[in-house]
Amino acid sequence: MSVEIKAGEDRYDIVVDGKTAGFLETRTRTDAILFLHTEISDDFAGQGLAGKLVTAALDDVRAQGRSVLPYCPYVRSFIAKHREYEDLVPEDKRAEFEL
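Sequential numbering of the sequence shown, starting at -14, is according to this note's numbering.
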């Protein structure tokens, strides 16, 4: 299985064997990138693709030196379980996202 993450305007896509398997919808603000919604197609469910997608997106944001506002419940729960990404959420916003 070939998995590729593509960063586009206001979204990240996860592509498996040439087919778009899911996406993470974002909005870019001057102070942060808002992570709004993560969705994986039913055809690709249960393969851990959402975690791979979110990991790649968070790593990309870190590489840009930006911060994240995790409005998407999946991303919020992912960050809560993977505390190494918590620093991407501004300290004054963590309580708002229960982090």
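Ideal Cβ positions, reconstructed from N, Cα and C, are used throughout, including at glycine.
Return the first residue and the last residue of the beta strand (DSSP E) that residue i is part of.
| i | result |
| --- | --- |
| Thr11 | Lys4 to Thr13 |
| Val53 | Val53 to Pro55 |
The alpha helix (DSSP H) spanning residue i covers which residue range?
| i | result |
| --- | --- |
| Tyr(-3) | Segment Arg(-4) to Val1 is the beta strand (DSSP E) holding Tyr(-3); no alpha helix (DSSP H) there. |
| Gln32 | No alpha helix (DSSP H) contains Gln32, which DSSP labels as neither H nor E. |
What distance in whole Å lies between the Cβ atoms of residue j and residue i, which are believed to be in contact at a cut-off of 8 Å?
| i | j | result |
| --- | --- | --- |
| Ala17 | Pro75 | 7 Å |
| Val53 | Leu73 | 4 Å |
| Ala(-8) | Val0 | Contact flag wrong, Cβ pair sits at about 12 Å. |
| Leu9 | Ala48 | Incorrect: roughly 16 Å between the Cβ atoms, too far for contact. |
Name the one or two DSSP bridge partners that residue i has.
| i | result |
| --- | --- |
| Leu19 | Arg12 and Leu54 |
| Lys(-9) | Asp(-2) |
| Ile25 | Gly7 |
* Kindly confirm or deny that the stretch 26 to 33 and the stretch 56 to 66 touch, where touching means at least three C-beta pairs closer than 8 Å. => Too few Cβ pairs lie closer than 8 Å, so no.
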